[in-house]
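Protein chains in written order, with my numbering: chain A, 515 to 738; chain B, 515 to 738; chain C, 515 to 738; chain D, 515 to 738; chain E, 515 to 738; chain F, 515 to 738.
Quick reminder that beta carbons are idealized off the backbone N, C-alpha and C, glycines included.
This structure is a prediction, so every number in the text was calculated from the model and none was measured.
Number of protein chains: 6
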Amino acid sequence: MSGVVRTRIDRAERAVIDGLAGAGVATVHEAQDRRGLMGSHMRPIWPGARIAGSAVTISAPPGDNWMLHVAIEQVSAGDILVLAPTSPCEDGYFGDLLATSAAARGCLGLVIEAGCRDVAELREMGFPVWSKAVFAQGTVKETLGSVNVPVVCAGVAVDPGDVIVADDDGVCVVPRAEAAATLEAARARASKEEEKRRRLAAGELGLDMYDMRERLARKGLRYE
Amino acid sequence: MSGVVRTRIDRAERAVIDGLAGAGVATVHEAQDRRGLMGSHMRPIWPGARIAGSAVTISAPPGDNWMLHVAIEQVSAGDILVLAPTSPCEDGYFGDLLATSAAARGCLGLVIEAGCRDVAELREMGFPVWSKAVFAQGTVKETLGSVNVPVVCAGVAVDPGDVIVADDDGVCVVPRAEAAATLEAARARASKEEEKRRRLAAGELGLDMYDMRERLARKGLRYE
Amino acid sequence: MSGVVRTRIDRAERAVIDGLAGAGVATVHEAQDRRGLMGSHMRPIWPGARIAGSAVTISAPPGDNWMLHVAIEQVSAGDILVLAPTSPCEDGYFGDLLATSAAARGCLGLVIEAGCRDVAELREMGFPVWSKAVFAQGTVKETLGSVNVPVVCAGVAVDPGDVIVADDDGVCVVPRAEAAATLEAARARASKEEEKRRRLAAGELGLDMYDMRERLARKGLRYE
Amino acid sequence: MSGVVRTRIDRAERAVIDGLAGAGVATVHEAQDRRGLMGSHMRPIWPGARIAGSAVTISAPPGDNWMLHVAIEQVSAGDILVLAPTSPCEDGYFGDLLATSAAARGCLGLVIEAGCRDVAELREMGFPVWSKAVFAQGTVKETLGSVNVPVVCAGVAVDPGDVIVADDDGVCVVPRAEAAATLEAARARASKEEEKRRRLAAGELGLDMYDMRERLARKGLRYE
Amino acid sequence: MSGVVRTRIDRAERAVIDGLAGAGVATVHEAQDRRGLMGSHMRPIWPGARIAGSAVTISAPPGDNWMLHVAIEQVSAGDILVLAPTSPCEDGYFGDLLATSAAARGCLGLVIEAGCRDVAELREMGFPVWSKAVFAQGTVKETLGSVNVPVVCAGVAVDPGDVIVADDDGVCVVPRAEAAATLEAARARASKEEEKRRRLAAGELGLDMYDMRERLARKGLRYE
Amino acid sequence: MSGVVRTRIDRAERAVIDGLAGAGVATVHEAQDRRGLMGSHMRPIWPGARIAGSAVTISAPPGDNWMLHVAIEQVSAGDILVLAPTSPCEDGYFGDLLATSAAARGCLGLVIEAGCRDVAELREMGFPVWSKAVFAQGTVKETLGSVNVPVVCAGVAVDPGDVIVADDDGVCVVPRAEAAATLEAARARASKEEEKRRRLAAGELGLDMYDMRERLARKGLRYE
């Protein structure tokens with residue numbers, strides 16, 4: 515089953531993807547019913563990036579980064595590489611040379627449930643990575659994996675072409691077919707939050723704004 | 515036993531609390547006989563904050579942030595929210611809306627043995643959080659917990675009104691009744707450290723400054 | 515076997531050490547056949563430092579930092595302290611006073627498979643530490659360890675005088691006797707990488723630059 | 515998207531499922547190209563069970579076991595319950611009462627990426643569970659999840675009706691449509707292993723039996 | 515604050531304690547409103563023990579087991595030793611000699627948030643231990659701790675004399691003053707469970723027995 | 515540096531090795547000054563084995579078990595295989611076929627800082643393994659490692675021919691040259707323990723037997 519590269523994937527519309535980037539991980543996660551969030555061990559290697567793009571997925575053996583080279587050829591501008599190792603691994607699959615190559619293809623970033631290295635250089639390049647570890651451990655190029663096949667990365671099923679949203683809060687996956695609807699829901703949520711933020715900043719309590727007092731009392735909350 | 519909100523808590527004097535903030539976590543921890551330090555998994559979501567305040571404690575079910583809304587009403591200016599889940603959890607109980615509300619009440623920060631989200635926004639707001647995880651995972655509002663009851667957070671027993679000191683080194687809890695004495699001990703320690711720092715910077719060795727050589731020799735230390 | 519301080523250690527040449535610092539952890543690790551890399555749990559307490567120096571090693575009991583005082587006397591300008599506890603520990607063996615003393619001796623930094631505290635102060639001082647934890651927990655001075663004996667730190671055997679290279683990617687150990695050869699290999703690698711980086715930035719693919727296509731096909735890679 | 519119960523699922527043939535149980539996790543995992551293996555944190559609560567069955571999947575909120583009651587109604591004889599929480603959790607969703615109910619429906623066991631309790635009683639009942647934790651922590655019944663929807667459990671995507679194989683080595687998932695082919699491959703592998711086992715027991719070396727010496731030499735292996 | 519031994523502690527009645535042992539951890543935990551459960555990392559070193567006793571608490575420095583000797587003198591028949599280190603530690607504080615001594619005093623077992631050794635011998639002796647680790651690492655006797663002071667062990671506040679219940683499900687703490695009421699609640703719960711178990715074994719569904727269908731429908735559960 | 519097999523190693527005398535097996539891990543660890551103990555994550559896959567043998571060491575790439583086949587040829591009767599991966603890995607390098615082959619050469623067991631599979635079969639064979647994980651994940655045979663070179667396994671430096679002692683308490687390494695002296699120290703310790711055990715069983719307190727009371731009082735211990 516491994517050893518396959520799918521050269522054609524469908525992508526969501528760029529405007530939708532950009533809208534999701536603007537919304538950010540927490541809002542997108544809520545907007546799609548709290549699904550799609552990768553595990554909290556997936557951390558950005560430097561703070562402040564917020565991106566969204568279409569997933570070019572990689573299933574790679576532990577400690578073998580060959581498929582990254584294969585995958586970079588499949589990248590179109592605006593894509594994000596998503597690498598899931600076939601068994602737990604924190605080796606440094608990716609560093610500044612691969613980032614240079616990926617960036618030259620228009621790749622926006624990497625999501626990898628393994629390790630990353632050259633993080634000082636990647637920070638200087640402004641190339642964002644969300645990874646499980648920072649680890650310089652080198653890898654080999656011996657065993658095939660696959661590119662653009664369904665993977666499970668950090669607990670989430672990712673299909674090639676799904677929209678990846680990533681920022682300081684982590685990484686969220688939006689199924690391609692739901693991207694437009696999710697953006698709409700995210701915008702609706704964000705516009706409501708604006709009003710809420712204003713009222714809360716003015717001192718109004720969530721207890722009142724969300725009408726919680728009666729339900730709390732019914733559940734039995736006692737003030738002493 | 516859950517479902518209780520204590521609306522009146524005793525607090526230490528603000529001057530004492532501010533003194534403890536100035537001393538910082540490491541000094542306060544030493545000044546109170548190395549007690550009160552939360553586990554090292556409690557990390558600031560952004561570097562550089564150093565605060566102290568009175569604990570408004572929250573015991574909350576896993577994945578349920580309802581009690582945060584209840585607790586914010588109990589906050590007075592200068593307080594710090596302390597949330598301990600009733601079982602291990604890293605969901606994102608707290609984000610920028612709750613921070614906006616808490617800040618409007620004068621809350622100085624949050625200590626939570628669970629997750630936090632919207633960390634980019636919280637960093638911009640300057641609202642500090644010490645948490646076990648950064649995780650966007652949403653929570654529900656279904657089950658009661660309690661506010662201002664004794665909790666165990668990150669391995670430390672916290673009573674409402676205890677003084678919380680938090681900085682880049684972590685979080686330390688000072689029992690309210692011992693706050694003034696602890697501050698005094700912290701100041702004594704800090705003033706001694708000033709002199710030590712000067713001598714060490716000048717090249718004097720700790721071996722000599724602390725008169726360690728004889729005791730080391732008696733224990734059997736051999737130089738080869 | 516504990517309770518020993520070796521007062522004379524051999525060091526690599528400073529020019530070689532400085533060269534290794536310039537090369538950085540990932541390149542040095544590769545240049546010496548992917549050996550010597552400490553575990554990924556060894557993280558810098560602040561980003562951006564890149565140093566190399568000769569190891570002054572410390573074997574210390576858990577929760578006992580006495581030997582740090584002993585070790586600092588053994589530091590020469592350009593050395594790096596390397597502390598391995600004799601059982602797993604994350605207590606805060608090291609803070610700003612010890613850093614002041616170490617810096618006064620010309621110590622460049624600390625590598626410790628345990629905890630560190632006063633990290634805000636250390637950041638301000640520019641004193642770099644790679645540690646397993648940030649933890650203010652105080653330590654005692656009761657039990658002897660040893661200085662300048664072979665240790666295993668974060669999974670790597672370190673002899674006193676070995677070259678320690680540390681940066682944002684972690685910590686790598688170069689056996690003293692191999693330092694010059696490793697530097698040479700690192701420089702050869704770095705100069706090749708310069709050319710590769712230029713070509714990749716221009717859009718050439720690794721698949722072509724490294725002639726991978728034929729071997730991938732032979733292994734059975736299929737494009738669909 | 516949550517709040518759905520699919521009442522009809524397709525299952526593999528019982529004879530195929532039983533064959534897979536006989537083959538065991540390691541052989542089945544190899545037979546399907548090393549896919550489908552859940553993470554090593556999924557451990558049996560007592561040793562010695564080896565089962566296979568059709569997955570009745572459960573997506574459940576953290577700390578909320580309501581959907582287990584819903585799922586048990588969907589169990590047919592020979593099924594295995596597979597529960598994935600929507601965020602990381604180790605609460606004790608399942609104990610002897612639920613096991614009694616599940617066993618009465620012919621359920622063969624439970625795979626849960628969370629906690630389990632009453633393990634002494636479950637051991638006495640002979641009801642096997644593979645879980646992330648043994649933890650008595652109680653759960654609530656407040657929030658809907660779903661039954662017989664696709665889930666990701668311990669890093670593996672599971673569709674309802676997929677074949678679950680579980681023994682002391684862990685848990686492996688076989689897509690329903692591939693079950694028969696996987697069994698065939700497993701049997702082929704097992705029959706070859708019998709011969710190999712005999713030869714190895716007689717003292718023949720793998721180096722010779724697998725003809726490895728030449729390839730090792732070509733790769734550069736040196737005997738000293 | 516350390517260096518204190520309280521020689522008199524109040525204990526619950528033996529009959530109550532024995533009743534709690536009979537009920538077991540999961541039932542007792544539920545009976546007291548789901549409080550008092552230690553973290554799931556506290557595991558028995560051999561399966562099958564189920565005990566309850568009065569806590570003789572120990573606050574001990576990391577890697578220093580001196581206070582265990584002090585504590586054993588404070589043990590009365592039917593007590594359980596509870597050791598919490600003052601910072602995270604997995605050293606082997608306790609082995610067969612200490613177990614021999616403790617058993618000679620009538621001690622029923624040990625709960626330790628650290629390590630234990632000689633586990634084969636302890637299994638043969640039938641002396642049960644719940645610990646964070648099995649680890650032979652030796653400890654020193656240099657620094658005072660305290661005996662029979664309040665501690666936090668594995669996330670739970672324990673006062674001397676509290677009732678400890680421990681079995682294959684873990685460890686639960688019952689405040690002494692609540693022991694009798696908790697036993698009553700546990701018995702009520704257990705007797706109800708007997709009836710439930712019978713009905714579930716006969717094939718009745720929890721959905722019906724607990725009248726869940728209507729509430730599930732109101733929450734929006736859909737069958738497809 | 516990898517790709518080397520040392521075909522001749524020195525071993526300790528069998529009588530000494532057998533004596534160390536009899537002493538067990540905890541006693542041997544103490545007898546050699548508390549050195550040589552592997553991390554507590556190295557657990558037996560079944561309880562009750564206690565072995566000692568000469569280390570045949572293996573340095574292997576992550577997820578690649580080729581060198582195990584090479585190493586088995588180097589095994590003499592009474593040896594123990596010790597495998598350290600070159601980066602963290604929990605894949606299942608070893609199962610019943612390799613155990614059959616190793617046992618046929620007289621190998622007593624395996625110590626592996628990675629995964630093991632076929633644990634039910636290994637238990638039936640009586641072949642003991644101490645590993646970091648039980649995990650069925652298959653491995654490849656692509657990249658060379660080395661056999662009988664110095665390795666670091668689970669935090670301990672191991673030279674080929676060192677004596678490995680392993681039982682339910684874990685794994686301890688005794689340098690070959692120190693094996694006889696360590697056995698002598700272990701026997702001295704064990705014979706003293708016999709007397710102590712008798713006295714403690716008779717109710718004598720460690721406080722008295724070890725004359726601790728005065729030193730405790732001098733340190734400031736207070737009885738209240």
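Taking the alpha-carbon positions, what's the residue i to residue j distance?
{"i": "residue 731 of chain D", "j": "residue 597 of chain D", "result": "48 Å"}
{"i": "residue 725 of chain D", "j": "residue 595 of chain F", "result": "22 Å"}
{"i": "residue 588 of chain F", "j": "residue 611 of chain F", "result": "17 Å"}
{"i": "residue 586 of chain E", "j": "residue 738 of chain F", "result": "16 Å"}
{"i": "residue 618 of chain D", "j": "residue 720 of chain E", "result": "12 Å"}
{"i": "residue 680 of chain C", "j": "residue 671 of chain F", "result": "22 Å"}
{"i": "residue 709 of chain E", "j": "residue 690 of chain E", "result": "30 Å"}
{"i": "residue 629 of chain E", "j": "residue 537 of chain F", "result": "20 Å"}
{"i": "residue 656 of chain A", "j": "residue 534 of chain B", "result": "58 Å"}
{"i": "residue 525 of chain A", "j": "residue 664 of chain A", "result": "14 Å"}
Going by beta carbon distance, what residues of the same chain come within less than 7 Å of residue i, once the five residues before and after it are set aside?
{"i": "residue 528 of chain D", "result": "592"}
{"i": "residue 544 of chain C", "result": "703"}
{"i": "residue 654 of chain A", "result": "577, 578"}
{"i": "residue 613 of chain C", "result": "636, 639, 641"}
Give the interface partners of residue i over in chain E, defined as CB-CB distance under 9 Å, in chain order.
{"i": "residue 651 of chain C", "result": "576, 600, 601, 602"}
{"i": "residue 627 of chain C", "result": "None at all; the shortest Cβ gap to chain E is about 14 Å."}
So, helix, strand or coil for residue i, using DSSP?
{"i": "residue 580 of chain A", "result": "helix"}
{"i": "residue 655 of chain C", "result": "coil"}
{"i": "residue 604 of chain E", "result": "coil"}
{"i": "residue 637 of chain C", "result": "helix"}
{"i": "residue 663 of chain C", "result": "coil"}
{"i": "residue 586 of chain D", "result": "helix"}
{"i": "residue 557 of chain A", "result": "strand"}
{"i": "residue 683 of chain F", "result": "coil"}
{"i": "residue 551 of chain D", "result": "strand"}
{"i": "residue 719 of chain E", "result": "coil"}
{"i": "residue 593 of chain F", "result": "strand"}
Starting from the C-beta of residue i, find all residues in its chain whose C-beta is less than 6 Å away, skip the five residues before and the five after it, and write them out in chain order.
{"i": "residue 601 of chain B", "result": "576"}
{"i": "residue 616 of chain E", "result": "586"}
{"i": "residue 523 of chain F", "result": "662, 674, 675"}
For residue i, which residues in chain A fall below 7 Å Cβ to Cβ?
{"i": "residue 631 of chain B", "result": "540, 683"}
Run through chain B and tell me which residues come within less than 8 Å of residue i, C-beta to C-beta.
{"i": "residue 517 of chain C", "result": "733, 734, 735, 736"}
{"i": "residue 670 of chain E", "result": "666"}
Since residue i meets chain D, which of its residues come closer than 8 Å, beta carbon to beta carbon?
{"i": "residue 656 of chain B", "result": "654, 656, 657"}
{"i": "residue 548 of chain E", "result": "651, 652"}
Which residues of chain F have a Cβ atom closer than 7 Å to the Cβ of residue i, listed in chain order?
{"i": "residue 667 of chain D", "result": "Here the premise fails: no neighbours, minimum Cβ distance about 16 Å."}
Under 8 Å by Cβ, that's how I've got residue i and residue j pegged, so tell me the actual separation to the nearest angstrom.
{"i": "residue 661 of chain E", "j": "residue 584 of chain E", "result": "5 Å"}
{"i": "residue 684 of chain A", "j": "residue 573 of chain A", "result": "Not really, about 21 Å apart at Cβ, beyond 8 Å."}
{"i": "residue 540 of chain F", "j": "residue 605 of chain E", "result": "With a Cβ gap of about 12 Å, residue 540 of chain F and residue 605 of chain E do not count as contacting."}
Using a C-beta to C-beta distance shorter than 7 Å, which residues of chain C count as neighbours of residue i?
{"i": "residue 605 of chain E", "result": "576, 601"}
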